[in-house]
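The structure appears right after this line, and notes come after that.
Residue numbers (the numbering used here), protein chains in the order written: chain A, 740 to 799; chain B, 1219 to 1701.
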């Protein structure tokens, strides 16, 4: 893995843990719907930003 | 809904899809890469739509709606967790599969494993696992279509008629031009799926607005559905296999070979991500709305068919077609990929001298055989939908160590890969069939643990392929330059 992939992988693991632990600990009664929706949106935005260079013309 | 309206709507969809499928043919000689990968020249939009339609089956509008109807928001967490996992995996793995496919002229997902581990037996074992797990899963798509047609026509059209219609449509939508037919009809079907779900939620939302608002009614009458009412082990057991779907299900893995350039890969990933987000949230909201409108159903999977009986025919018809489209778009991709894997990773491994033309011809014949097998399997009407789906997702998960090892662990060996796939697959199969949940954990969890341990242990005690370093380093170098 290259450096930015390693950072993304670490972010993914942390987020996956939060995805389960946070709702079960803090939002079990209410709020989990919003938590999951917002966290997923965060991931989509992260993906959009991470891949923005893939649109540029190739260097090789 | 009358049988004539159902048949008319199916007819329009079938004619439109058949036209697209037929006109997708390329002139001149068709080779394997053209038939199964569209010559790796598929643009970003079509790649995104075919990825979405392949991933999201009839489960979404029937199973997920039913799951949310029964359990509430936990079902949303489960499905969004899958989406999040897929987005991360696509960003990390799509460039690797795409580069490896182009660089080493790889066509099937199992072929990549054979190539990396320098042993065709790895691809053959992996292909057999996929056949065992995916043929029943594909049959479930036909079963869903059969039940839907029978229920919505109030028995005027039989279950068997529904399964035969779905099988014929599936076959026509993939036969003529292979991946090009599948990808372009998938694009049509993905659009139908999204439009139908938006139309239905729009109609129901307007009805709830007249009655005081959906959220208020939900809190007042079905507040328990806003609580997480799954145990953590249930949540993990259900979620774990689906989180890694993007690298363990061959029909979606093969789509990572098809984009024409980097920009198309990006469009595929992002297009799928946003499609999946909108579609998932809508399906879960529909489940919650169904719980308010038609409470007390003994079978949650009936929530969507019952809901469709309460909306205008114009809306229910398009939703009905969208569910069939979701089933067919998943099934034709599975059939196409399995037939390719059979030809490439089993037949070619047994008969290395076979020509490409013969291999393609054999693969197309196998496509017919798989279709018939699925149709016959569906006629058994086994009450095993949940077991089969669980078996498929858990069983395919056992490929994960071999896939990760192929890309990231230079010490990984062919024998380690085969041991993990075989032992992990047997573990999941045995636990699923006997409904065994050792220490309260699901078969997928134990299958993955067994696969991971056997992969590591056997790899550490067997010979590393000569070109392992080269494969991993070359991909890494290209990614650092191009991505």
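Glycine included, C-beta positions come from ideal geometry on N, C-alpha and C.
Interface residues of chain B around residue 772 (chain A) at Cβ under 7 Å? In the first chain, residue 772 (chain A) corresponds to position 33, counting from 1. The contacting residues are 1291, 1294 and 1444.
Strictly by DSSP, which residues pair up with residue 1477 (chain B)? Here residue 1477 (chain B) refers to the residue found at position 259 of the second chain. According to DSSP, which records beta bridges pairwise, residue 1477 (chain B) is partnered with B:1260.
Tell me which residues share the same chain as residue 1483 (chain B) and place their Cβ nearer than 7 Å to its Cβ, disregarding the 5 neighbours each side in the sequence. By 1-based counting over the second chain, the position of residue 1483 (chain B) is 265. Result list for residue 1483 (chain B): 1312, 1313, 1316 and 1477, in chain order.
Our contact map puts residue 1540 (chain B) next to residue 1405 (chain B) with C-beta atoms below 8 Å; I'd like the distance itself, whole angstroms only. Here the question's residue 1540 (chain B) lines up with position 322 in the second chain. Here the question's residue 1405 (chain B) lines up with position 187 in the second chain. Actually they are not in contact, since the Cβ atoms of residue 1540 (chain B) and residue 1405 (chain B) sit about 14 Å apart, beyond 8 Å.
Hey, quick one: how far does the alpha helix (DSSP H) through residue 1686 (chain B) stretch, first residue to last? Mapped onto the second chain, residue 1686 (chain B) falls at position 468. That run of the alpha helix (DSSP H) goes 1686-1700.
Can you grab the Cα-Cα spacing for the pair residue 1220 (chain B) / residue 1374 (chain B), in whole Å? Your numbering for residue 1220 (chain B) matches position 2 in the second chain. Your numbering for residue 1374 (chain B) matches position 156 in the second chain. Near 8 Å, if we compare the C-alpha coordinates of residue 1374 (chain B) and residue 1220 (chain B).
With a CB to CB cut of under 6 Å and the five nearest residues on each side skipped, what residues in its chain are close to residue 799 (chain A)? Numbered from 1 along the first chain, position 60 holds the residue referred to as residue 799 (chain A). Note that residue 799 (chain A) scores 48 on pLDDT, short of 50, meaning its location in the model is unreliable and no value can be drawn from it.
Would you decide whether residue 1684 (chain B) is buried or exposed? Buried here means 16 or more other CB atoms lie within 10 Å of its CB. In the second chain, residue 1684 (chain B) corresponds to position 466, counting from 1. The residue in question, residue 1684 (chain B), is exposed, as its Cβ has fewer than 16 Cβ neighbours within 10 Å.
Find out if the Cβ-Cβ distance for the pair residue 1370 (chain B), residue 1523 (chain B) is shorter than 8 Å. Within the second chain, numbered from 1, the residue matching residue 1370 (chain B) stands at position 152. Within the second chain, numbered from 1, the residue matching residue 1523 (chain B) stands at position 305. Contact: yes.
Inter-stretch contact at 8 Å, needing at least 3 Cβ pairs: the region 1579-1587 of chain B / the region 1538-1558 of chain B: yes
Three-state secondary structure (DSSP) of residue 768 (chain A): To locate residue 768 (chain A), count along the first chain from 1; it is residue 29. It is coil, neither helix nor strand.
Within the chosen definition, does the region 1238-1250 of chain B reach the region 1393-1403 of chain B through at least 3 CB pairs nearer than 8 Å? yes
Please go through the region 1276-1329 of chain B and give each complete beta strand (DSSP E) segment of 3 or more residues, from N-terminal end onward. none
Closest residue to residue 1460 (chain B) among B:1612, B:1281 and B:1629 (Cα-Cα distance): The residue labelled residue 1460 (chain B) in the question sits at position 242 within the second chain. Taking only the C-alpha atoms, the option nearest residue 1460 (chain B) is B:1612.
Enumerate in chain order the residues of its own chain whose CB-to-CB distance from residue 1331 (chain B) is below 7 Å, with the five nearest sequence positions on each side excluded. On the second chain, position 113 is the one that residue 1331 (chain B) refers to. The residues are 1340, 1341, 1344, 1620, 1624 and 1635.
Is there at least one Cβ from chain B nearer than 8 Å to residue 747 (chain A)'s Cβ? Working through the first chain from its first residue, we reach residue 747 (chain A) at position 8. Yes, contact with chain B.
Suppose the cutoff is 6 Å on Cβ atoms and the five residues either side in sequence are ignored; what does the same chain contact list for residue 1638 (chain B) look like? Within the second chain, residue 1638 (chain B) is the residue found at index 420, counting from 1. Cβ neighbours of residue 1638 (chain B) beyond the five flanking positions: 1619, 1620, 1669, 1672 and 1673.
Quick check on residue 1689 (chain B): buried or exposed, where buried means 16 or more other Cβ atoms within 10 Å of its Cβ? Your numbering for residue 1689 (chain B) matches position 471 in the second chain. Looking at its Cβ environment, which holds 16 or more other Cβ atoms inside 10 Å, residue 1689 (chain B) is buried.
Enclosing alpha helix (DSSP H) for residue 1627 (chain B) [first to last residue]: Here residue 1627 (chain B) refers to the residue found at position 409 of the second chain. Taken as a continuous stretch (DSSP letters only), residue 1627 (chain B) belongs to no alpha helix (DSSP H), as it is neither H nor E.
Using CA coordinates, which residue listed in B:1305, B:1537 and B:1648 is at the minimum distance from residue 1495 (chain B)? Position 277 of the second chain holds residue 1495 (chain B). The shortest C-alpha separation from residue 1495 (chain B) is found at B:1305.
What did DSSP end up calling residue 1426 (chain B) once you bin it into helix, strand or coil? Position 208 of the second chain holds residue 1426 (chain B). Three-state result, residue 1426 (chain B): helix.
Run through chain A and tell me which residues come within less than 8 Å of residue 1694 (chain B), C-beta to C-beta. Here residue 1694 (chain B) refers to the residue found at position 476 of the second chain. The answer, in chain order, is 740 and 741.
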